[in-house]
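Report on the following structure.
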Amino acid sequence: MKKLGLLLMMALALIACNDEEKDQAVNEVKKKELPPLEKEYGFVLNDFKVLRDTIKSGDSFGYIMDKNGVDHGKVYEISQKVKDTFNPARIVAGKKYMILKAKDSAQTPKYFIYENNKIDYTVVALGDSIYAEKRKRPVTVKRREISGVVTSSLSEAMQDQGLSNLLVYELSNIYQWSIDFFKLQKGDQFKMVYHEKYIEDTIFAGIEKVDAAVFKHSDKPFYAFNYLSDSISGKPSFYDDEAKALQSFFLKAPLNYSRISSRFTRRRFHPVQKRWKAHLGTDYAAPHGTPIVSTANGTVIASSYTSGNGNYVKVKHNGKYTTQYLHMTKRAVRTGQVVKQGDVIGYVGSTGLATGPHVCYRFWVNGRQVDPYRQNLPSAKHIEEDLKDEYFAYIKPLKKELDQIPYKNI
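Put into structure tokens, the structure is as follows:
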């Protein structure tokens, strides 16, 4: 009887093992049959019929909704309820969007997802509960160190290393007042410590910030450290290893003037031509012969005379900013001459279309004439003396880190 009982127990155990193996096999088959969960924008996409597309020129929110089965009345209701968070009238051609539809015969749209940029997106709920919600994709930040050498251009130096051209923008922005990037030399070297943003740890999403850099141009190293010296504005600036600001600044005016006789305006009655026209400059009245100075470092690109401008000088400061000074009695610089901020470039007169002695100061940003008083121009305030010890302590480990990164050579 004992042997029979033992045999029965062994048989039952064998059956149980076989059943367990069968269950495992069935589960494995089921796993293979089920597609992996696909998640995006905080939704499990497997639960919906997914439509991906891009806003095309001429598309409107109403047109997209109508094309996907949402009637005009519903579109109006949605637009009114979400307008404080999402303005349907401001969707931009080229932006990506996604519509999540119900998995039913009607394929009713449930959500409209609009990509504001790589990181930010807006979810618009289209069902019974209508709302809009701004969200962000999860972003991770990675700190990097790089070193490069110029062979022909800065862009090619970045491309040769498989680096983003956004770094070209970062470097040129940091050093725009210190280095002429149109005159880089073969063999110029650079090093950077900076932070990159990645969406979900894999998709590159741009540069978050640059901690420090050094650019060796014509064998002279130009250091740059990102430092918050003004806690009120909360905006950091770049300073060198001597606590001097890298950014230059524009003087408030091209001369010590007593008054502004005419401001920048799109409509002014011209005192000589006797008609209404735009005045794309700022007039500073001053005595005849008053010295006129360049408001920032740059190169003279024109020193000439025209019947309208009279004697004038035009100075290019970098790829972004250009200034011009009109109606001089005499010019003091020639075309091609390099000038520094405060250098005398001419003298107040009334040549050209002018009724009295003054200088008309004109200001260009990226080729467009603007009012300099309305521009957020770079500041050149150096680190205050009482903050220098704190600044030098802050940049010491960064400078050491930069110096330990080996320069690349051609």
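The numbers in the numbering used here rise by one with no breaks, and the one at position 191 of the sequence shown is 234.
Using N, Cα and C, we set each Cβ at its ideal position, and we do this for glycine too.
Across which residues does DSSP place M141 in a beta bridge pair? R95, I156
Output yes if chain B places a C-beta closer than 9 Å to the C-beta of D273; else output no. The structure shown contains no chain B; it holds only a single protein chain.
Let me know the beta strand (DSSP E) ranges lying completely inside the segment 402-446, each 3 residues or longer, listed in chain order. 411-413
What are the residues that DSSP puts in a beta bridge with A345? K357
Just to confirm, does T183 get its C-beta within under 8 Å of one of the non-hydrogen atoms of the ligand ADP? You won't find the ligand ADP in this model; it holds no ligand whatsoever.
Between which two residues does the alpha helix (DSSP H) carrying I217 extend? 209-217
Suppose you measure from the CA of F224 to the CA of K146; what does that come to, to the nearest Å? 56 Å
DSSP on V376, reduced to helix/strand/coil? coil
Less than 8 Å between the CB atoms is what I'm expecting for V356 and R374, so what's the real figure, rounded? 6 Å
Based on DSSP bridge pairs, tell me the residues matched to N269. F281
Could you give the DSSP three-state label for G454: helix, strand or coil? Shown here, the chain extends from 44 to 453; a query on residue 454 therefore has no answer.
Who are the Cβ neighbours of K179 in its own chain at under 6 Å, not counting the five residues just before and after it? I162, D163
Put H331 into one of helix, strand or coil per three-state DSSP. coil
Would the beta-carbon of I217 fall within 9 Å of that of A267? yes
Nearest-angstrom beta carbon gap, P297 and Y416 [assumed within contact, 8 Å]: About 13 Å separates the two Cβ atoms, so there is no contact after all.
So the candidates are A328, N352, A286; which of them puts its Cα closest to the Cα of D22? Lying outside 44 to 453, the shown extent of the chain, residue 22 is not represented and no answer is given.
For a test of the three-state rule: what should DSSP assign to V118, helix, strand or coil? helix
L294: buried (16+ other C-beta within 10 angstroms of its C-beta) or exposed? exposed
When the Cα of V184 is compared with those of K234, R411, I250, S103, which residue comes out closest? I250
Cβ contact (3+ pairs, closer than 8 Å) linking the segment 345-360 and the segment 381-401: yes
Distance, Cα to Cα, I142 vs S103? 14 Å
If you compare alpha carbons, which of Y157, Q150, K439 is closest to P131? Y157
What is the residue span of the alpha helix (DSSP H) that G230 lies within? Here G230 belongs to no alpha helix (DSSP H), and DSSP marks it neither H nor E.
Looking at the strands, I want to know which residues DSSP matches up with C242. It is Ile, not Cys, that sits at residue 242 in the sequence shown. In the DSSP output, where bridge partners are listed per residue, I242 has V182, I246.
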